[in-house]
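So the sequence shown is residues 0 to 465, counted in numbering that gives the first Met the number 0.
Ideal Cβ positions, reconstructed from N, Cα and C, are used throughout, including at glycine.
Below: one structure, written as structure tokens.
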Amino acid sequence: MLLTITNTATPATDLGYLLHKNPARLQSFPLSFGEAHVFYPDASHERCTAALLLDVDPVGLVRNRRGPSGEGGTLDQYVNDRPYVASSFLSVAIARVLASALSGKSKGRPELTEVLLPLEARLSVLPCRGGEAFLRRLFEPLGYEVTTQPHELDGNFPEWGSSAYFTVTLKAVTRLRDLLTHIYVLVPVLDNDKHYWVGDDEVEKLLRHGSGWLATHPEREQITNRYLKHRRDLAREALARLVDEEAPDPDLTERVRNTEEEQIERPLNLNEQRINAVVAALKSCGAKRVVDLGCGEGKLLRTLLEDRVFDQIMGVDVSHRALEIAAERLHLDRLPARQRERINLIQGSLMYRDKRLSGFDAATVIEVIEHLDQARLAAFERVLFEFAKPKAIVITTPNVEYNVKFETLPAGKLRHKDHRFEWTRLQFQGWAQHQADQYGYNVRFLPVGVEDESVGSPTQMAIFIA
Ligand code: SAH
């Protein structure tokens, strides 16, 4: 069983610091079911690959009763795939041998653990019960580009078809610890088995390793059921707690994902162009009192505050953490009284009718709609156009057609893991025109960022006037 992880960000050998394993050495670790070896087949400045080779001892499995129990303790115990495939044995090996990397620690270079790296993991043989489609449903929502190579059941009998085994590569720009965590949790899920008894502490383990991604994963129920070996009582408990976890802090992972999106868009300095375009639009319609819906960490608010034209500014976001950061960035606690009176931050959801949102000249909704489920978008439309009803509305959203121009963005991927959709120009304009017609606004569209002849501009903007 072989897992390799490749880093191509220079100096690529930084991977050694993150894994706590010296690229120049082969290291071996005894485990209860065999032995794990870590070595680097490639360790150059440009490209560094670490390999975790798992040597499962089939005789030891039987002797220690760690292998499959078998029907009545017969053949399965002796003839099975366990030594050759990625399974819960691999997860145990990762937790033992790469413990600090898995928990996001680096003794030598702690700052590295937060860095997003272009990483590629390759699992030599991965059993995928549920097939390739299920494999993709597990990893793609987490932002991985998944490549698979299926294996025939038996090369001598092609008519038997393909097996449940695949060679799989996972590619993403991500933190090493996230990659390891996803492999750690999802490999036994794909295998739909575990070599050990699953008890209460397995729920804790799942919640700990699932923190920040499992609660919003579309396959979270399947993942939980399979991870807990279909023990319904445990799965129920875990799922209930997952939802709890989700509620108080909707975007624990939001900041990391925002940085990813920024990195993809950075070469264009799109953020600045977007803010300038929005401010220009606000001025063109003479807005003085502005509410920024889904204000996040307050990038637009800061520009508005610096401009005296805007005399009443309110930021709204569902994320308490984002608002805290906004308050810090705007130095709200140090502003002179007259400035302080101009701005106000409130926590609120855009899904619910809220009196505090009415009475503004303009509302801005910058890079927010694509974070809302399509079903929830309908609620938001009413909140904004029917109830808050400002005189002007400025909405921006990514233009998905432009994604082919981002070199670091894999084909078919959205710019941010939390985006529920990204629209073409036609889709966005269709949606916006429909809102305008329904709620009595005129709408026009402007490109933001350099426009490409065929795919348009990176960001699209709609300006509604009542
Ligand atoms: N407008 C900001 C942030 C965009 S990120 C900017 O351009 O930088 C999207 C923001 O929408 C996040 O801060 C998120 O917390 C917020 N958001 C998502 N769903 C929301 C909801 N239902 N109610 C309020 N805010 C929401």
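Would you call residue i buried or exposed, if buried means 16 or more other Cβ atoms sit within 10 Å of its Cβ?
{"i": "ALA239", "result": "exposed"}
{"i": "ARG81", "result": "buried"}
{"i": "LYS106", "result": "exposed"}
{"i": "ARG219", "result": "buried"}
{"i": "GLU260", "result": "buried"}
{"i": "PRO249", "result": "Its pLDDT being 42, under 50, PRO249 is placed unreliably by the model, and the measurement read from it follows with that caveat. When all chains shown are included, PRO249 counts as buried."}
{"i": "ASN550", "result": "The chain is shown only over 0 to 465; residue 550 falls outside these bounds and no answer can be derived."}
{"i": "VAL31", "result": "In the sequence on display, residue 31 carries Ser and not Val. Classification of SER31: exposed, given that the 10 Å Cβ count is below 16."}
{"i": "TRP422", "result": "buried"}
{"i": "TRP196", "result": "exposed"}
{"i": "PHE359", "result": "buried"}
{"i": "HIS181", "result": "buried"}
{"i": "THR146", "result": "exposed"}
{"i": "GLN434", "result": "buried"}
{"i": "GLU542", "result": "Since the first residue shown for the chain is 0 and the last is 465, residue 542 is missing from the structure and cannot be characterised."}
Can you tell me which of the three DSSP states residue i falls into?
{"i": "ALA42", "result": "strand"}
{"i": "SER99", "result": "helix"}
{"i": "PHE156", "result": "coil"}
{"i": "GLY314", "result": "strand"}
{"i": "ASP291", "result": "strand"}
{"i": "LEU189", "result": "helix"}
{"i": "THR48", "result": "strand"}
{"i": "MET0", "result": "coil"}
{"i": "ASN473", "result": "Lying outside 0 to 465, the shown extent of the chain, residue 473 is not represented and no answer is given."}
{"i": "LEU125", "result": "strand"}
{"i": "ASN224", "result": "helix"}
{"i": "ASP436", "result": "helix"}
Just the C-alpha distance for residue i and residue j, rounded to the nearest angstrom, thanks.
{"i": "LEU38", "j": "LEU52", "result": "Here residue 38 turns out to be Phe, not Leu, going by the sequence shown. Looking at the two C-alpha atoms, the distance is approximately 8 Å."}
{"i": "SER453", "j": "TYR401", "result": "9 Å"}
{"i": "ASP436", "j": "GLU203", "result": "51 Å"}
{"i": "ASN224", "j": "VAL367", "result": "32 Å"}
{"i": "MET460", "j": "GLN428", "result": "9 Å"}
{"i": "THR166", "j": "PRO397", "result": "34 Å"}
{"i": "ASP41", "j": "ALA49", "result": "7 Å"}
{"i": "VAL58", "j": "ASP192", "result": "20 Å"}
{"i": "LEU304", "j": "THR363", "result": "14 Å"}
{"i": "LEU2", "j": "ALA120", "result": "7 Å"}
{"i": "SER99", "j": "HIS208", "result": "13 Å"}
{"i": "PRO409", "j": "VAL114", "result": "19 Å"}
{"i": "VAL96", "j": "SER90", "result": "10 Å"}
{"i": "ALA35", "j": "GLU406", "result": "37 Å"}
{"i": "GLU236", "j": "TYR143", "result": "28 Å"}
{"i": "ASN270", "j": "GLU110", "result": "25 Å"}
Taking the DSSP output, what are the residues bridged to residue i?
{"i": "GLN459", "result": "THR396, PRO446"}
{"i": "LYS466", "result": "Lying before the first or after the last residue shown, residue 466 is absent from the chain, which here runs from 0 to 465."}
{"i": "GLU151", "result": "SER161"}
{"i": "THR363", "result": "ASP291, VAL393"}
{"i": "TRP422", "result": "ASN398"}
{"i": "GLY33", "result": "LEU30, VAL55"}
{"i": "ILE342", "result": "ILE312"}
{"i": "ASP451", "result": "GLY455"}
Taking 7 Å as the threshold (beta carbon to beta carbon), is residue i in contact with chain B?
{"i": "ALA276", "result": "Protein chains in the displayed structure number just one, and chain B is not present."}
contact_flag[the segment 358-374, the segment 333-347] where n(CB pairs < 8 Å) is 3 or more: Touching, no, given that fewer than three Cβ pairs across the two stretches are closer than 8 Å.
The segment 102-116 / the segment 16-34 touching (three or more Cβ pairs under 8 Å): yes
Inter-stretch contact at 8 Å, needing at least 3 Cβ pairs: the segment 156-176 / the segment 124-139: yes
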